[in-house]
Amino acid sequence: MSDEPYVREHLDKLAEIIWTKAKHAPTHLLGYDHWIHAVASYFFAFEHACVRPLLAAGTTVVVDNWFYKFVLRISLASGKELATVLSCFEGLLEPDTVFYLDVTAEKSAARKGEFSWAETGSTAKDRPSREQEMANFVVYQNLLREGYGPFLEKENWKAVDPGDATAEQVAKLLVVSV
């Protein structure tokens with residue numbers, strides 16, 4: 256993250272609006288086009304202010320969650336073609352390597368205590384019971400998993416099965432792979 260206070264504050268506020276406040280908010284009221292551009296705006300600002308200066312200085316940059324997950328979620332939720340949503344992110348740097356942690360939806364559901372609307376494919380207007388939320392999570396995460404297919408065909412994408420490894424063990428495995 257940038258050391259510049261204005262940049263940090265701006266990115267923090269965008270992130271709060273997009274990911275923190277939106278967690279259980281009636282986001283459907285603003286429409287998917289708004290969210291596509293809000294998420295794209297965050298990534299363009301983050302890349303410009305944080306990633307590009309580091310790359311220019313010769314630093315290796317590792318990012319957890321580049322924009323792909325959000326493109327897939329928005330495409331699924333809105334019914335918009337993946338290519339249409341991706342076009343809003345044109346111009347962002349393509350990572351040299353992307354590691355896709357291939358974890359089953361069932362395993363992810365068992366690890367999580369709470370699910371956001373975005374993780375279940377729901378909106379704030381249709382909050383289901385806990386049991387239904389978990390079932391929705393599994394169905395929706397499986398749809399996302401299938402959606403990664405075109406990305407996984409790219410040479411710079413590598414699927415990794417973390418098995419039962421801890422986060423630290425997976426991190427070490429990925430560092431060795433870079």
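Going from the sequence shown to our numbering is simple: count from 1 and add 255.
Every residue gets a Cβ at the ideal spot worked out from N, C-alpha and C, and that includes glycine.
Is Tyr-355 helix, strand or coil by DSSP? The count along the sequence shown starts at 1 and reaches residue 355 at position 100. Strand.
Give the secondary structure of Trp-321 by DSSP, where H, G and I count as helix, E and B as strand, and everything else as coil. Reading the sequence shown from its first residue, position 66 is the one you call residue 321. In this structure, Trp-321 counts as coil in the three-state DSSP scheme.
Excluding the 5 residues preceding and the 5 following Arg-307 in the sequence, name in chain order all residues of the same chain whose CB lies nearer than 8 angstroms to its CB. Working through the sequence shown from its first residue, we reach residue 307 at position 52. Within the same chain, Cβ atoms closer than 8 angstroms to the Cβ of Arg-307 are found at Leu-348, the five residues on either side in sequence being excluded.
With a threshold of 8 angstroms, are at least 3 pairs of Cβ atoms found where one atom belongs to the region 356–369 and the other to the region 411–431? Judged by Cβ distances under 8 angstroms, the region 356–369 makes contact with the region 411–431, as three or more pairs qualify.
Using C-beta distances below 8 angstroms, list every residue in its chain close to Ala-420, excluding the 5 sequence neighbours before and after it, in chain order. Taking the sequence shown and counting its residues from 1, one reaches residue 420 at position 165. Close CB contacts of Ala-420 within its chain, under the 8 angstroms cut and outside five residues either way in sequence, are with Leu-428 (chain order).
Helix, strand or coil for Lys-367 per DSSP? In the sequence shown, residue 367 corresponds to position 112, counting from 1. Coil, per DSSP.
Output the distance between the C-alpha atoms of Leu-285 and Arg-328, rounded to the nearest integer angstrom. Locating residue 285 in the sequence shown gives position 30, where the first residue counts as 1. Locating residue 328 in the sequence shown gives position 73, where the first residue counts as 1. C-alpha separation (whole angstroms): 16 angstroms.
In angstroms, rounded to a whole number, what distance separates the CA positions of Ala-295 and Phe-322? Within the sequence shown, residue 295 is the residue found at index 40, counting from 1. Within the sequence shown, residue 322 is the residue found at index 67, counting from 1. Rounded to whole angstroms, Ala-295 to Phe-322 spans 8 angstroms at the Cα level.
Tell me where the beta strand (DSSP E) around Trp-412 begins and ends. By 1-based counting over the sequence shown, the position of residue 412 is 157. Start and end: 412–415.
Whether Glu-457 touches Val-393 by CB criterion (7 angstroms): Nothing about residue 457 can be read from this structure; the chain reaches only from 256 to 433.
In this structure, how does DSSP classify Cys-343 when only helix, strand and coil are distinguished? What you label residue 343 is simply residue 88 of the sequence shown in a count that begins at 1. The three-state secondary structure of Cys-343, taken from DSSP, is coil.
Secondary structure at Val-419, three-state DSSP: helix, strand or coil? By one-based count along the sequence shown, residue 419 stands at place 164. Residue identity check: residue 419 is Asp in the sequence provided, not Val. Judged by DSSP in its simplified three-state form, Asp-419 adopts coil rather than helix or strand.
From Phe-301, Leu-310, His-289, Leu-398, pick the residue whose C-alpha is nearest to that of Tyr-261; which is it? Position 6 of the sequence shown, counted from the first residue, corresponds to residue 261. Comparing Cα-Cα distances from Tyr-261 to each of Phe-301, Leu-310, His-289, Leu-398, the minimum goes to Phe-301.
How many whole angstroms separate the CB atoms of Ala-373 and Met-389, which I take to be in contact at a CB cut-off of 8 angstroms? Counted from its first residue, the sequence shown places residue 373 at position 118. Counted from its first residue, the sequence shown places residue 389 at position 134. Not a contact, Cβ separation roughly 15 angstroms.
Which whole-angstrom value describes the C-beta separation of Ala-332 and Tyr-297, a residue pair presumed to lie in contact below a C-beta threshold of 8 angstroms? In the sequence shown, residue 332 corresponds to position 77, counting from 1. In the sequence shown, residue 297 corresponds to position 42, counting from 1. No, Ala-332 and Tyr-297 are not in contact; Cβ-Cβ is about 17 angstroms, not under 8 angstroms.
Does the distance from the C-beta atom of Leu-309 to that of Val-316 stay below 7 angstroms? Numbered from its first residue, the sequence shown carries residue 309 at position 54. Numbered from its first residue, the sequence shown carries residue 316 at position 61. Yes, Cβ-Cβ distance for Leu-309 and Val-316 is below 7 angstroms.
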